[in-house]
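Undergrad: Here it is, the structure in full.
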Amino acid sequence: MLTLDPSPGPLLRLRRARRRLRRTLLAHRRLIAGLLTAAAVVAGLRAVSPPEPPRALLTVAARDLPAGAELTEGDLVAVEVAPDGVPDGIAVRPLGETLAAPVRRGEPITDVRLVGSALT
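Residue 934 is where the sequence shown ends in my numbering, and the numbering goes up by one at each step.
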């Protein structure tokens, strides 16, 4: 006696899945085309946009500081500037140094603003 297996074979299931996928893609083809176009535009804009300009860290006064003040972490803040905006003689490690003259908020801390061997 011949018995038929009620479950479809693997090839038949694969064909049905392929047909369902094709119908779904065709039904949403305008949406898919729009999304792919938007992705292409974004990729094109990123490719032609100029690179980020180089930046340098600069130590500046966080607030107005009087002459003779010893610099602490709360007195200084690091800001990013263009490399050509960094003045000559910038103090590398000004923490614990004493100011020779008053400094305004946002002013870079340079070696001539600190009491050192040149000013004593």
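A virtual CB, placed ideally from N, CA and C, is assigned to each residue, including glycine. Predicted model, so just to flag it, every value in this text is computed and none were measured.
CB Thr886 to CB Leu913, shorter than 8 Å?
TA: Not a contact, by the Cβ cut-off of 8 Å.
Undergrad: Please find out if some non-hydrogen atom of the ligand NAP comes closer than 7 Å to the beta-carbon of Ala861.
TA: Inclusion of the ligand NAP in the displayed structure is not the case, the ligand content being empty and no account of it being possible.
Undergrad: Just list the residues that DSSP pairs Leu890 with in beta bridges.
TA: In the DSSP output, where bridge partners are listed per residue, Leu890 has Ala875.
Undergrad: Where Pro824 and Thr851 are concerned, what is the direct C-alpha to C-alpha distance, given to the nearest angstrom?
TA: Going by the C-alpha atoms only, they are around 36 Å apart.
Undergrad: Taking 8 Å as the cut-off, decide whether the C-beta atoms of Thr924 and Pro901 are in contact.
TA: Contact: yes.
Undergrad: If you draw a straight line from the C-alpha of Arg844 to the C-alpha of Arg837, how long is it?
TA: So the two alpha carbons sit approximately 13 Å from each other.
Undergrad: Give me, in chain order, the residues of the same chain whose beta-carbon lies closer than 7 Å to that of Val891; leave out the 5 immediate sequence neighbours on both sides.
TA: Only Val874 and Ala876 meet the Cβ criterion.
Undergrad: Excluding sequence positions up to five away, which residues of its chain have a Cβ less than 6 Å from the Cβ of Arg869?
TA: Within the same chain, Arg869 has close Cβ partners Glu894.
Undergrad: Starting from Pro824, trace the alpha helix (DSSP H) in both directions and tell me its first and last residue.
TA: Pro824 -> alpha helix (DSSP H) spans Pro824 to Ala841.
Undergrad: Using the three-state DSSP reduction, which class does Ala854 fall into: helix, strand or coil?
TA: Ala854 falls in the helix class under three-state DSSP.
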